[in-house]
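Single-structure report; data block below.
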Amino acid sequence: MDDAKEEIRARLPVEDVVGQYIELKRAGRSLKGRSPWGVDKTPSFMVSPEKGIWHDFSSNKGGDIFAFIMEVEGVSFREALEKLAAQAGVELAKYGGGDKKVAERKRRAKEALELACRFYQFCLTKNEKVQNYAYHKRNMTQGTVQEFRIGYAPNQGKLLVQFLKKRGYKAAEMEAAGLLNRWGGDLFKARMMVPFIDTGGVIGFTARILGKGEPKYLNTPETLLFNKGRFVFGLAQAKEFIRQNGYIVIVEGNMDVISSHQAGVRGAVATSGTAMTENHLKMLSRLSGDVRLAYDGDAAGVKATERAIMMAGDLGVNLSVISDYHGAKDPDELIQKDPKLWQQAVQNYRPAVDWLLDKYEENLDLTTGAGKREYSDIAMKLLRYVSDAVERKHYEKLVARRLDCDVEDLHAKKIPDESVQRLKKANFEAKSDVLQGVKDNLQAIVLYGKVTGVKGVELPAEDDQMRRDELEMVFEMRYKDWDIATLEREAQALLVRYKAEMNKQEVETLNAELEKLGDSEEDQRRQEEILRKIMALKR
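The sequence shown begins at 1 in the numbering used here and counts up one residue at a time.
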């Protein structure tokens, strides 16, 4: 795919790709703008049209147009490649080698799904019953129906199949798109159709039955294009709002998303037909670190929030909960009551850990020893996923007050190693951005500041021109006017800081291993070895 990447780069200037997301202004030979991740107070996002690269000094991210789309859209490299190929008019199948057949199957499936979506939209305009359901019972506006491309699947066995056959599509291609049932007829019948849309277009459907019958909602099965563990419903429509407002609202149902967007809460998204996965949250965390959950307060909602907190701890996400529904069972019902109440609820969010600890307290009898034991067990396991030490200490004191005990008593409880590992990983990832910034600055000074005598600095390979260009941009932005003596002092200071941070991380890794060792002779020898290493690193 290297040839395809080069062809796309040649056709799409970096400033045009980045300029679709942020406003850029000329700054010498480069262009400057505000970070699309909302982490800078002054413009610190630089683009070099000459070199075809970008660098965000506020978050220490950088790269080419593919890296930018992966970060700003929260997608994989393959998805970024396909999006940019479509913009550039590059046919990836020509470059696919052994993947040509798969690429062609995907292309045909996409085309079939796009035609199916248009077919369903047309059928909606001809069916009074489904129009009444959408416009009057669900209170959707015409604009909402058009934005989400809502349609209707007629209650006839092979109407869509016949429509697609006339346009040259074979049964195997329709099956690859997830449009057929096991008898070769239309999978969706007598249902309101809502397409699953990602950056590349329609990839599937969720279909709500209008009369009696099961299931209430029928989703496209897993296909070459649709993977429910990775897809986030409404994200294609929500991205611009999220970038401008800096937060995401995760609701439970697709109709909650549609109603929220119509009510002005356009940052609402949902996972479709599955619990939230780490892939979902990782994708969303690239767009914003402020994620607000709008789950039910029942047992399922509590469990879902627990899982989300465990995943968020690893990703550095600030997780909150929206729960003030004014007696409504979900956001959609609240919006039907009064859209302004939903807008207010979204702003009256609470930290997820606070909300969850309150739920534990509601469901357990803390006047009994057994209740206190169970509360402390689940609370301390949860707090292992709070990566910030100060925040974690705050909650430990809170739990201790509720249980009328000391924080030391809580620390004495045994917590599974899995929690320790997740906490270590979260701390490591939180520090990695800082380390990357120190490394960028140090490499830039050594490579372009003509500073010699700095030992232990690993430089990018000579053939890694993109990385070298990015470091040159770092140097131009920060150090080009510094004299050699000042650069040498800065390089030495950065080297000391870099080594100190690396040592800290290694100590944390060794400590985590130490906690898992037992009392066997072999483990005792390993403990002594680890302790010697830790002492050496701390000197």
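Quick reminder that beta carbons are idealized off the backbone N, C-alpha and C, glycines included.
Quantities reported herein were computed from a predicted structural model and do not represent experimental measurements.
- Taking C-beta atoms as the reference points, residue 264 and residue 248 fail to come closer than 8 Å.
- Nearest C-alpha to residue 213 among 231, 189, 222: 189.
- Secondary-structure assignment with DSSP links residue 351 through a beta bridge to 320.
- DSSP, read as helix, strand or coil, puts residue 215 in coil.
- From the listed residues 291, 492, 350, the smallest Cα separation to residue 313 is found for 291.
- Residue 52 sits close to residue 9, with the two beta carbons spaced by under 8 Å.
- In the three-state DSSP reduction, residue 478 falls in the helix class (H, G or I).
- The segment 127–136 makes no contact with the segment 159–176; the number of CB pairs closer than 8 Å stays below 3.
- Under DSSP, the beta-bridge partners assigned to residue 209 are 191.
- Following the DSSP letters along the chain, one finds residue 235 inside the alpha helix (DSSP H) bounded by residues 235–245.
- The bridge partners DSSP lists for residue 53 are 48.
- When only Cα atoms are considered, residue 363 and residue 275 end up about 23 Å apart.
- Here DSSP, grouped into helix, strand and coil, assigns residue 358 to helix.
- Here the alpha carbons of residue 516 and residue 530 stand approximately 12 Å from one another.
- In this model, residue 206 and residue 439 are separated by some 46 Å (Cα to Cα).
- Between the segment 445–465 and the segment 476–493, the count of C-beta pairs closer than 8 Å reaches three or more; the two stretches touch.
- Within the segment 353–406, the complete alpha helix (DSSP H) segments at least 4 residues long are 369–383, 389–403, listed from N- to C-terminus.
- The residue from 475, 60, 65 with its alpha-carbon nearest to that of residue 20 is 65.
- Taking each of 237, 243, 36, 211 in turn and checking the Cα distance to residue 144, the smallest one comes out for 237.
- Between residue 355 and residue 329, the alpha-carbon positions lie close to 18 Å from each other.
- Counting along the chain, the unbroken beta strand (DSSP E) around residue 31 starts and ends at 30–33.
- No residue range can be given for residue 169, since it is assigned to no beta strand (DSSP E) and is classified by DSSP as neither H nor E.
- The continuous beta strand (DSSP E) containing residue 292 extends over residues 290–294.
- When DSSP states are grouped into helix, strand and coil, residue 445 belongs to the helix group.
- Apart from sequence neighbours up to five positions away, the residues of its chain that approach residue 501 with a beta-carbon distance below 8 Å are 431, 434, 435, 438, ordered along the chain.
- Take residue 289, set aside five residues on each side of it, and the residues of its chain with a beta-carbon closer than 6 Å to its own are 317, 318, in chain order.
- For residue 11, the enclosing alpha helix (DSSP H) covers residues 2–11.
- Around the C-beta of residue 280, 16 or more other C-beta atoms lie within 10 Å, and the residue is accordingly described as buried.
- One Cα belongs to residue 344, the other to residue 135, and the distance between them is close to 25 Å.
- Counting only the Cα atoms, residue 271 lies some 9 Å from residue 277.
- Uninterrupted alpha helix (DSSP H) stretches at least 4 residues long and entirely within the segment 58–134 occur at 65–73, 77–88, 100–125, 128–132, given in chain order.
- Per the Cβ contact rule, the segment 399–412 is in contact with the segment 360–374 (3 or more Cβ pairs under 8 Å).
- The three-state reading of DSSP puts residue 266 in coil, since its state is none of H, G, I, E or B.
- Going by beta carbons, residue 395 and residue 378 fall outside the 8 Å limit.
- Where residue 19 is concerned, the enclosing alpha helix (DSSP H) starts and stops at 14–19.
- Membership of residue 143 in the alpha helix (DSSP H) is indicated by the continuous run 142–147.
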